[in-house]
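Down below is the structure, laid out as structure tokens.
There are 2 protein chains.
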Amino acid sequence: MEDVARAAGVSLVTVSRAINTPDRLAPATLASVRAAIQRLRYVPNLTAGSLASSRSGIIAAIVPTIANSIFSDTVDGLAQALVSQRYQLLLGQTHYREDEEARLIDAFLGRRVDGLVLTGIRHARGVRARLERAEIPVVETWDLTSRPIDMAVGFSNHAAGRAAARYLVDKGYDSLAFIGGHDDRSAARLEGFREGARECGIPRVLVETVPSPSSVIDGGRALDALCRSARPRAVFCTNDMLAAGVLFECQRRRFAVPGRVAVMGFADLPIAAGTEPPLTSVQVHSTEMGERAGALLLARLRGDADAERIVDLGFSVVERASA
Amino acid sequence: MEDVARAAGVSLVTVSRAINTPDRLAPATLASVRAAIQRLRYVPNLTAGSLASSRSGIIAAIVPTIANSIFSDTVDGLAQALVSQRYQLLLGQTHYREDEEARLIDAFLGRRVDGLVLTGIRHARGVRARLERAEIPVVETWDLTSRPIDMAVGFSNHAAGRAAARYLVDKGYDSLAFIGGHDDRSAARLEGFREGARECGIPRVLVETVPSPSSVIDGGRALDALCRSARPRAVFCTNDMLAAGVLFECQRRRFAVPGRVAVMGFADLPIAAGTEPPLTSVQVHSTEMGERAGALLLARLRGDADAERIVDLGFSVVERASA
DNA sequence: TTGTATGCGTTATCAG
DNA sequence: CTGATAACGCATACAA
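What follows is the structure, given as structure tokens:
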């Protein structure tokens with residue numbers, strides 16, 4: 001920066017201003033500084049800038065795994081929101097482990113990130129306190145709570161599960177099965193699913209859990225396992241990939257869908273509209289979740305104190321042919 | 001840090017050492033510093049550390065889009081490799097635009113990242129020079145070249161496309177179609193596919209391109225478009241999701257697979273093993289690509305000068321029932 | 001509109 | 001094994 005200043009015949013600060021607040025410089029000055037920057041191929045050191053300004057320009061996001069399209073969609077949305085304001089995105093994966101989340105949070109706080117996006121509302125003990133002490137904006141996603149650490153954008157997994165059960169019962173299916181992972185959000189959906197079924201006079205639902213992250217093949221296996229001990233009329237899968245696996249397994253077994261067994265997915269991924277039969281699913285706005293999370297952070301960083309703290313994006317059952 | 005030093009009755013440097021090189025401290029000193037750190041809830045400022053040490057502890061990765069499982073798998077692998085060495089991962093998306101890639105690279109160089117992982121081997125002009133001047137390790141992924149910017153880990157997309165064509169012809173299919181995006185790597189696969197077909201005496205292949213990022217539904221549409229003007233016996237899709245869409249479309253049209261039309265995918269995603277019929281695909285080690293990229297960077301950062309520069313992970317045709 | 005002085009919180013170097 | 005001192009490269013308050 002000193003070299004640039006010398007080359008342009010100005011002082012250090014002027015170079016700094018040419019980069020950060022160009023409109024506060026005389027056009028001629030600005031031009032000569034920019035020319036010098038180009039000529040010397042000067043690349044401003046953001047680390048030094050961060051240290052001096054105590055703003056890192058970095059937002060961190062923590063997801064269970066990026067190799068699951070629902071979370072990668074959210075990260076995509078978040079990245080979109082941030083790129084416009086020149087924030088950079090630091091990414092961490094927990095692999096569904098609370099202690100990993102805590103480790104990542106510590107590491108990111110050390111980096112003095114300007115904001116943090118978390119997945120879920122359950123965290124290791126101590127995390128909440130550390131985040132509150134850090135005094136940075138935090139958004140929890142993919143679920144809702146009345147008492148977020150700071151802000152939250154998501155939907156009620158419990159209500160979504162309940163809605164799925166009620167939808168299926170409304171359609172006339174009386175023997176319900178649930179296929180899902182055992183992470184917190186799947187568990188909430190299951191609880192809601194059971195409650196919805198109970199409310200409709202169905203006291204018990206079949207449950208088959210699969211490891212998280214789950215995949216197409218787990219869906220097929222789960223249906224296989226269910227059919228060994230029972231004869232479900234409708235299967236609700238906590239993720240469209242599982243549901244696709246169930247559809248393929250139905251094809252193998254020559255089960256008509258929805259005639260012999262109805263199939264319902266979750267998340268309304270692009271695949272849902274492309275299957276045969278097209279998949280009835282619960283739409284949850286994965287990408288928008290990231291965008292809104294980003295928007296909440298940016299608003300707070302801009303100083304908008306009156307921004308919302310809890311955004312319920314809701315969900316909706318998208319009816320297609322499979323159920 | 002000063003507070004901690006005072007509380008522990010040592011100097012600043014000793015606190016720094018307790019954090020970075022604990023084995024060079026007397027056990028008693030270390031213990032008292034650690035106690036003070038805990039007591040005061042001291043969170044070391046990595047930004048200041050980076051500035052002083054001129055090592056940021058950050059690796060950046062740039063992918064076309066994270067919302068496509070092949071790239072998110074690679075990012076996953078990379079993140080895995082880095083987390084063990086306490087490197088953090090900065091993520092950027094180009095959305096298949098060279099100028100976005102250039103912008104991101106500049107931003108990341110400004111952040112003084114310790115290493116960079118790129119997707120593909122084509123970049124905007126000037127990028128190569130800037131990266132060489134930055135003197136940081138760079139890994140290009142998802143393709144190979146004899147002249148990488150620095151290092152590369154991938155496979156030959158051209159050879160993979162060629163192998164797909166030869167495989168299909170070997171199986172007796174004489175009318176070939178290609179469904180793929182129009183990004184560089186898909187283009188390379190198409191070129192290879194055409195070459196392979198030509199070598200087997202098939203001068204022309206049908207081609208249907210879809211927008212990137214592509215999805216299941218595009219696969220169905222593409223098959224639809226192809227069938228309007230021709231009658232392909234075998235379809236090679238440049239991505240398993242497209243292939244799954246083709247399978248579903250076949251189901252809709254009551255085309256037997258592979259009897260009426262054979263379907264071949266690419267990447268061997270988890271879905272490939274779960275479809276009905278299971279999908280013949282080209283396996284390309286997406287996750288390992290990220291892991292190896294991370295390993296190459298780490299080796300270089302450790303100072304291993306004699307590390308490899310080009311890693312060909314190869315590919316293999318995984319034969320299943322669909323072709 | 002531009003410049004001067006100061007500090008951001010560490011690590012590296014050297015000395016003891 | 002520990003400490004004193006000088007960077008690291010920039011942004012901010014204040015002055016001109």
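If you read the sequences in order, they're chains A and B. Read left to right, the first sequence gives residues 1 to 323 (my numbering). Read left to right, the second sequence gives residues 1 to 323 (my numbering). For every residue, glycine included, the Cβ atom is placed at its ideal position computed from N, Cα and C. Predicted model only: the values in this text are computed from it and were never measured.
{"Asked": "Contact set between B:R112 and chain A, taken where Cβ atoms lie within less than 8 Å", "Found": "N45, L46 and T47"}
{"Asked": "Alpha-carbon to alpha-carbon, A:T47 and B:A18", "Found": "23 Å"}
{"Asked": "Whole beta strand (DSSP E) elements within the region 25-86 of chain B, 3-residue minimum", "Found": "58-63"}
{"Asked": "Buried versus exposed call for B:P27 [16 or more other C-beta atoms within 10 Å across all chains shown]", "Found": "exposed"}
{"Asked": "Whole-angstrom C-beta distance between A:I59 and A:L89, which should lie under 8 Å", "Found": "6 Å"}
{"Asked": "Residue interval of the beta strand (DSSP E) (run including A:E208)", "Found": "L206 to T209"}
{"Asked": "Enclosing beta strand (DSSP E) for B:T14 [first to last residue]", "Found": "B:T14 -> not in any beta strand (DSSP E); alpha helix (DSSP H) instead, spanning L12 to N20."}
{"Asked": "Distance, B:S281 Cα to B:Y167 Cα", "Found": "11 Å"}
{"Asked": "Distance between beta carbons of A:V117 and A:V139, contact taken as under 8 Å", "Found": "5 Å"}
{"Asked": "Span of the alpha helix (DSSP H), counted from its first residue to its last, around A:L118", "Found": "Segment G115 to T119 is the beta strand (DSSP E) holding A:L118; no alpha helix (DSSP H) there."}
{"Asked": "Whole alpha helix (DSSP H) elements within the region 236-316 of chain A, 4-residue minimum", "Found": "240-253, 270-274 and 286-302"}
{"Asked": "Exposed unless 16 or more other CB atoms sit within 10 angstroms - verdict on A:N20", "Found": "exposed"}
{"Asked": "For A:L176, three-class secondary structure by DSSP", "Found": "strand"}
{"Asked": "Identified DSSP bridge partners for A:V318", "Found": "A:S281"}
{"Asked": "Length-filtered (3 minimum) beta strand (DSSP E) runs lying within the region 139-176 of chain A", "Found": "151-154"}
{"Asked": "Cβ pair B:G161, B:R189 closer than 8 Å", "Found": "yes"}
{"Asked": "The beta strand (DSSP E) enclosing A:G92, as first and last residue numbers", "Found": "Q88 to Q93"}
{"Asked": "Under 9 Å from the C-beta of A:F193: neighbouring residues of chain B", "Found": "Correct list: empty, because the minimum Cβ distance to chain B is about 23 Å."}
{"Asked": "Closest by C-alpha distance to B:V33, when choosing among B:N239, B:G126, B:V4 and B:P203", "Found": "B:V4"}
{"Asked": "Chain A contacts from the region 85-108 of chain B (Cβ-Cβ distance under 7 Å)", "Found": "Q88, L89, L90, L91, Q93 and A107"}
{"Asked": "Interface flag, A:R252 vs chain B, CB-CB below 8 Å", "Found": "yes"}
{"Asked": "A:P258 at chain B interface by Cβ criterion, 8 Å", "Found": "no"}
{"Asked": "Touching by the beta-carbon criterion (3+ pairs, under 8 Å), the region 104-123 of chain A and the region 40-56 of chain A", "Found": "yes"}
{"Asked": "Any 3 or more C-beta pairs closer than 8 Å across the region 228-237 of chain B and the region 170-184 of chain B", "Found": "yes"}
{"Asked": "C-alpha gap between A:D331 and A:V318, whole angstroms", "Found": "Lying before the first or after the last residue shown, residue 331 of chain A is absent from chain A, which here runs from 1 to 323."}
{"Asked": "Three-state secondary structure (DSSP) of B:A234", "Found": "strand"}
{"Asked": "Reference B:A165, options B:Y42, B:A256 and B:F266, closest by Cα", "Found": "B:F266"}
{"Asked": "Within 8 Å, strictly: CB atoms of B:S322 and B:A262", "Found": "yes"}
{"Asked": "Whole-angstrom distance between A:A305 and A:A102, CA atom to CA atom", "Found": "27 Å"}
{"Asked": "Cutoff 8 Å: B:D82 Cβ touching any chain A Cβ", "Found": "Here the sequence assigns Leu to residue 82 of chain B, which means Asp is not the residue at that position. It does not: the Cβ of B:L82 has no partner Cβ on chain A nearer than 8 Å."}
{"Asked": "Distance CB(B:L91)-CB(B:A293) smaller than 8 Å", "Found": "no"}
{"Asked": "Buried/exposed call for A:R133, threshold 16 Cβ in 10 Å", "Found": "exposed"}
{"Asked": "B:D76: contacting residues in chain A (beta-carbon distance under 9 Å)", "Found": "T65, I66, A67 and Q93"}
{"Asked": "Beta-carbon contacts of B:T14 that lie in its chain and below 8 Å, excluding the five residues immediately before and after", "Found": "A5, A8, L25, T29 and V33"}
{"Asked": "Contact residues within the region 266-284 of chain B, judged by C-beta distance below 8 Å to chain A", "Found": "P270, I271, A273, G274, T275 and E276"}
{"Asked": "C-alpha gap between A:I136 and B:L12, whole angstroms", "Found": "27 Å"}
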